[in-house]
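Asker: Residue numbering for the sequence shown follows the working numbering, beginning at 172 and increasing consecutively. Take a look at the following structure, please.
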Amino acid sequence: WNDPRIFKVSFTDVLAMDQYRQAGEKIEPALAGHLVVVGSLGTGSNISDVGATPLAHETYLVSLHWNVANSLLMGRFIRPPSMALELGLIVLMGLFAGWVTWTVRPVLSTLLIAAALGGFTWLAASLFVQHRIWLPLVSPLGGGLLLTHLAMVTCRVVVERREQRRVRSLFSKVVAPDVVRELLAQPSIHLGGSLRPVTVMFADVRGFTRMTDEQERQARERIRLAGAEGPEAERILADHAARTLDSVNEVLAAVADRVKEFGGTLDKYIGDCVMAFWGAPVTRDNQAAACVRAAIEAQRTLARINERRHAANEAIRRANAERAAKGEPPEPLQPELSLGIGIHSGVAVVGLMGSENHILNYTVFGREVNLASRLEGVAERDWIVISEATFRRLEEEDPALARRCEPLPPATVKGIAGKVAVYRVRWNQEPDDTPPAGT
172 WNDPRIFKVS FTDVLAMDQY RQAGEKIEPA LAGHLVVVGS LGTGSNISDV
222 GATPLAHETY LVSLHWNVAN SLLMGRFIRP PSMALELGLI VLMGLFAGWV
272 TWTVRPVLST LLIAAALGGF TWLAASLFVQ HRIWLPLVSP LGGGLLLTHL
322 AMVTCRVVVE RREQRRVRSL FSKVVAPDVV RELLAQPSIH LGGSLRPVTV
372 MFADVRGFTR MTDEQERQAR ERIRLAGAEG PEAERILADH AARTLDSVNE
422 VLAAVADRVK EFGGTLDKYI GDCVMAFWGA PVTRDNQAAA CVRAAIEAQR
472 TLARINERRH AANEAIRRAN AERAAKGEPP EPLQPELSLG IGIHSGVAVV
522 GLMGSENHIL NYTVFGREVN LASRLEGVAE RDWIVISEAT FRRLEEEDPA
572 LARRCEPLPP ATVKGIAGKV AVYRVRWNQE PDDTPPAGT
């Protein structure tokens with residue numbers, strides 16, 4: 172109504188022009204050939220014709236008439252979309268929101284959804300202003316884009332939390348806590364079977380069978396000297412069995428701690444043997460060096476355990492001499508154990524093996540694993556034996572550590588054709604220069 176292109180004439184002027192015309196005066200027809208709309212622009216309570224329109228809260232409603240007339244004359248009509256197009260927009264927005272939310276990280280996906288919302292709104296406004304094409308906003312953006320995004324975010328949170336709980340339950344006891352956190356921070360976690368470059372370690376407690384036989388002999392000797400029978404004899408045997416198990420568990424736990432300390436994955440206990448590997452689930456560039464250093468620290472830890480047990484055994488021997496003088500049965504000695512360790516590097520299958528309903532284990536298997544197990548059999552007491560492949564990786568990852576390896580005569584191992592080049596890692600002849608885990 173305040174558009175300068177619109178010519179306005181008041182009722183007073185129209186009536187005055189009519190009176191002049193009736194009086195015989197010649198009046199120039201100012202409105203001839205124009206569309207004339209009659210309405211009230213007054214502000215009085217009895218003549219006001221003001222109401223809300225999409226343009227403003229208070230608009231002279233006579234403008235509705237000339238707006239309709241203008242559309243008829245110019246042929247510029249608002250063209251709404253067909254039902255098929257509206258449904259297509261809803262489906263398209265829903266598919267876009269679902270794909271973005273499920274495949275892109277949450278923060279970035281929310282930004283992309285916001286950008287899509289703004290872009291579609293700008294497109295709808297431009298089409299309406301330029302071509303009078305009306306695109307719906309509420310159903311495609313509200314129903315297709317936003318609701319799908321919110322639903323998928325909720326679903327993704329539920330699924331990811333369930334997967335994180337599953338990963339924690341699988342790995343919290345076999346890898347270090349920082350490895351679990353690093354694994355959970357990855358965009359995607361693949362635990363299915365896959366070929367991965369790994370370094371595998373087998374650490375076997377040497378003398379375990381001899382130790383159990385000796386412990387049983389000592390137990391039966393104690394039963395004989397004490398004249399024990401029935402429940403008392405069973406108690407003595409159970410006590411010696413518990414001591415044996417505790418002695419081995421202390422060694423196995425020490426090896427497992429060193430595996431975790433140096434970023435490895437504890438695979439399983441096979442009797443008195445520890446199996447571990449590096450390179451999965453988190454990839455490491457220095458996996459061979461980390462594995463060998465873990466083996467070195469395991470040997471050094473066992474050496475300290477044996478020193479403590481040796482000192483304790485000296486005290487037990489002195490006490491047993493006094494007990495023998497009194498005719499009492501001797502106390503058992505603490506076993507001093509040793510480790511034989513075999514290490515090999517290669518490509519193997521890594522993944523979950525077993526059943527969700529029974530036992531599920533994240534493990535590694537294949538020819539390279541078998542070779543590592545065979546090298547453990549080659550290792551003598553207190554030895555660390557590595558393969559040619561591991562030695563070559565050490566030369567790249569840690570030359571100083573590679574210089575501590577000495578070649579051994581090629582070994583013949585079961586299941587492997589030909590001789591196998593092997594090296595022994597010297598761990599007890601040099602100062603303790605093993606760096607902290609993670610370096």
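All residues carry an ideal CB built from backbone N, CA and C; glycine is no exception. For clarity, every value in this text was computed on a predicted model and none was experimentally measured.
In chain order, which continuous runs of the alpha helix (DSSP H) of length 4 or greater are located wholly inside the stretch 202 to 252?
Answerer: For secondary structure counted as the alpha helix (DSSP H) over 4 or more consecutive residues, the stretch 202 to 252 holds these complete runs in sequence order: 233 to 245.
Asker: How would you call P581, buried or exposed, if buried means at least 16 neighbouring beta carbons within 10 angstroms?
Answerer: As a working note, residue 581 is residue 410 in the sequence shown. Classification of P581: exposed, given that the 10 Å Cβ count is below 16.
Asker: Determine the contact status of A397 and E403, defining contact as a CB-CB distance below 9 Å.
Answerer: Walking along the sequence shown from the start, residue 397 turns up at place 226. Walking along the sequence shown from the start, residue 403 turns up at place 232. Yes, the Cβ-Cβ distance between A397 and E403 is below 9 Å.
Asker: Taking the CB atoms as reference points, tell me whether E507 and R538 lie closer together than 9 Å.
Answerer: Residue mapping note: residue 507 aligns to position 336 of the sequence shown, counting from 1. Residue mapping note: residue 538 aligns to position 367 of the sequence shown, counting from 1. The answer is no: Cβ separation not under 9 Å.
Asker: How far does the alpha helix (DSSP H) with P277 in it reach, from first residue to last?
Answerer: Taking the sequence shown and counting its residues from 1, one reaches residue 277 at position 106. First-last of the alpha helix (DSSP H) with P277: P277 to H302.
Asker: Check R587 in the structure and name its three-state DSSP category.
Answerer: Here the question's residue 587 lines up with position 416 in the sequence shown. First, the residue type needs correcting, since residue 587 is Ile and not Arg in the sequence shown. Correct three-state label for I587: coil.
Asker: Are the beta-carbon atoms of G517 and L542 separated by less than 9 Å?
Answerer: Here residue 517 corresponds to residue number 346 of the sequence shown, with the count starting at 1. Here residue 542 corresponds to residue number 371 of the sequence shown, with the count starting at 1. Yes, the pair counts as a contact, with Cβ atoms nearer than the cut-off.
Asker: Start and end of the beta strand (DSSP E) containing L312?
Answerer: The residue labelled residue 312 in the question sits at position 141 within the sequence shown. Run containing L312: none; DSSP gives neither H nor E here.
Asker: When you compare only the Cα positions, how much space is there between D410 and G401?
Answerer: Against the sequence shown, residue 410 aligns to sequence position 239. Against the sequence shown, residue 401 aligns to sequence position 230. C-alpha separation (whole angstroms): 14 Å.
Asker: Tell me the DSSP secondary structure of I512 in three-state form.
Answerer: As a first step, residue 512 must be located in the sequence shown, where it is residue number 341. Three-state DSSP puts I512 in a strand.
Asker: Can you say whether T583 is buried or exposed, counting buried as having 16 or more other CB atoms within 10 angstroms of its CB?
Answerer: On the sequence shown, residue 583 is found 412 positions in, with the first residue counted as 1. T583 should be labelled exposed.
Asker: Is it a yes or a no for the stretch 369 to 389 touching the stretch 422 to 441, going by three-plus beta-carbon pairs under 8 Å?
Answerer: yes
Asker: If you follow the alpha helix (DSSP H) that I555 is part of, which residue opens it and which one closes it?
Answerer: Taking the first residue of the sequence shown as position 1, residue 555 is located at position 384. Where I555 is concerned, there is no enclosing alpha helix (DSSP H), although the beta strand (DSSP E) it sits in stretches over W554 to S558.
Asker: Return the bridge partner residues of I407 from the DSSP annotation.
Answerer: For the purposes of this step, residue 407 is identified with residue 236 of the sequence shown, where counting begins at 1. In DSSP, I407 forms no bridge with anything.
Asker: Could you pull out every unbroken alpha helix (DSSP H) segment of at least 4 residues lying fully inside the stretch 375 to 451, listed in chain order?
Answerer: 379 to 397 and 402 to 432
Asker: Do you know how far the Cα of Q470 is from the Cα of W449?
Answerer: Locating residue 449 in the sequence shown gives position 278, where the first residue counts as 1. Locating residue 470 in the sequence shown gives position 299, where the first residue counts as 1. Cα-Cα distance, rounded: 18 Å.
Asker: Which same chain residues end up closer than 6 Å to R393 when comparing Cβ atoms and leaving out the 5 residues on each side of it in sequence?
Answerer: If you number the sequence shown from 1, residue 393 lands on position 222. Correct list, in chain order: I407 and P500.
Asker: Taking 8 Å as the line, does the beta carbon of A286 fall inside it for any heavy atom of the ligand SAM?
Answerer: This structure simply doesn't include the ligand SAM, nor any ligand for that matter.
Asker: Using only CA atoms, which one of L308, E421 and A286 lies nearest to A296?
Answerer: Along the sequence shown, read from residue 1 onward, the residue named residue 296 stands at position 125. Comparing Cα-Cα distances from A296 to each of L308, E421 and A286, the minimum goes to L308.
Asker: Only counting the same chain, and skipping five residues up and downstream in sequence, which positions put a Cβ closer than 6 Å to that of L212?
Answerer: Here the question's residue 212 lines up with position 41 in the sequence shown. If we look at L212 and ignore the five residues flanking it on each side, its Cβ neighbours are Y231.
Asker: If you draw a straight line from the C-alpha of S558 to the C-alpha of V591, how long is it?
Answerer: For the purposes of this step, residue 558 is taken as the residue at position 387 of the sequence shown. For the purposes of this step, residue 591 is taken as the residue at position 420 of the sequence shown. Answer to the nearest angstrom: the Cα atoms are 8 Å apart.
Asker: Check the DSSP bridge columns for F373 and list the partner residues they point to.
Answerer: By one-based count along the sequence shown, residue 373 stands at place 202. Bridge partners of F373: M446 and G513.
Asker: Give me the Cα-Cα distance between R247 and R303, rounded to the nearest whole angstrom.
Answerer: Residue numbering aside, residue 247 sits at position 76 when the sequence shown is read from its first letter. Residue numbering aside, residue 303 sits at position 132 when the sequence shown is read from its first letter. Approximately 7 Å between the Cα atoms of the pair.
Asker: Out of L186, L366 and R381, state which residue places its alpha-carbon closest to the alpha-carbon of I198.
Answerer: Residue 198 sits at position 27 when you count from the first residue of the sequence shown. Among L186, L366 and R381, the Cα nearest to that of I198 belongs to L186.
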